[in-house]
Amino acid sequence: MNDVVDPASYTHLAISEHENGLYVVTLNRPDKRNALNVASIEELIRFFSGARQAGVRAVVLAGEGDHFCAGLDLIEHWKADRSPDEFMHVCLRWHEAFNKMEYGGVPVIAALKGAVVGGGLELASAAHVRVMDQTTYFALPEGQRGIFTGGGATIRVSDMIGKYRMIDMILTGRVYKGQEAVDLGLAQYITEGSSFDKAMELAGKVAQNLPLTNFAICSAVSHMNNMSGMDAAYAEAVVAGVVNTQPAARARLEAFANKTAARVRPDN
Ligand code: 1HE
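Numbering of the sequence shown is given in the working numbering, commencing with residue 229 and proceeding in unit increments.
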């Protein structure tokens, strides 16, 4: 077994393999509401850096217990009494982890419940798809804690809901939940029942796509969003040149031509 997907090599993450290269990665510090300590971030970096090469085709990212993630491990941070330079490097490791998720080319579907707050929201925002349930709530309590976001909220949360809503969240501690959170873009799906079950269903579908196609979707779109329109159009043409001519796509195109492939219907 590739080391990267060996559950025994993780302490703060639980890793389980399901069919078709689907993996569930679970934050596994429920006693601490899955707060992100330094060691958890290092484990996320390790998994997401090697996932594609280890044959992972889709990931459901979940949290053990009632809450997805309570953000930065405030107790560890308080006890460490870090210097500015030390905390800058902590944040750079967070960016390393979350960039590996967003740009790594393996689809990540977050199954959200309970608190998705502070760094927990930053983590969720690095996933490609977010599924919430009726217990899920989103907040940026940094303002109240006397600190600031350091795991990419200024980029990804602003991108999801707009700069001024993000500023309001961190300034006033505003909480979003329910359908309003979906309407704003904090999640793409809300479930009556388990967000995990829905995330698994979506991941199962996604894992059937060709890996190179998923790589493009879960890497190129983010890169292109960082480019000028002209450069993004050029890069899109290059990526489509590679992806749309891949040998594995020919069988799918042929099935469409032969009328054996599923058609796109309103109830798909
Ligand atoms: C923690 C953390 C944590 C819980 N760091 N230990 N994030 C926050 O400001 C959110 C802080 N947490 C909470 O508001 C609440 O804990 C929850 C709403 C998430 C859950 O409430 P509850 O009543 O279920 O649990 P609890 O009793 O508050 O906490 C249970 C234990 O988890 C307790 O530890 P214990 O050893 O005393 O049992 C808590 O100390 C521990 N715990 N949350 C450390 N966050 C890169 S910059 C990012 C900046 C941020 O992320 S700021 C946002 C931080």
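C-beta: ideal position from N, C-alpha, C; glycine also.
- Cβ-Cβ separation between G348 and A409: approximately 14 Å, too far for a contact (criterion under 8 Å).
- When only Cα atoms are considered, L351 and F326 end up about 7 Å apart.
- Across the structure, A444 and N472 are spaced so that their CA atoms are roughly 10 Å apart.
- With at least 16 other beta carbons inside 10 angstroms of its own, K426 counts as buried.
- For F275, the closest alpha carbon among the candidates P235, T377 and A339 is that of P235.
- The count of Cβ pairs closer than 8 Å, one atom from the segment 330-338 and one from the segment 311-318, stays below three, leaving the stretches out of contact.
- In the same chain as H246, and ignoring 5 residues on each side of it, the C-beta atoms closer than 7 Å to its own belong to V252, in chain order.
- According to the DSSP assignment, M388 belongs to the alpha helix (DSSP H) that extends over A381 to I389.
- If you look at F366, you'll find it in the beta strand (DSSP E) that goes Y365 to A367.
- Ranking E420, P475, N496 and I389 by CA distance to the CA of K433 puts N496 first.
- Proximity of the segment 364-371 to the segment 396-413 meets the contact definition, three or more beta-carbon pairs being nearer than 8 Å.
- The secondary-structure analysis by DSSP pairs E245 across a beta bridge with Y251.
- The beta carbon of T377 sits closer than 6 Å to the beta carbons of E370 from its chain, once the five residues preceding and following it are set aside; these are given in chain order.
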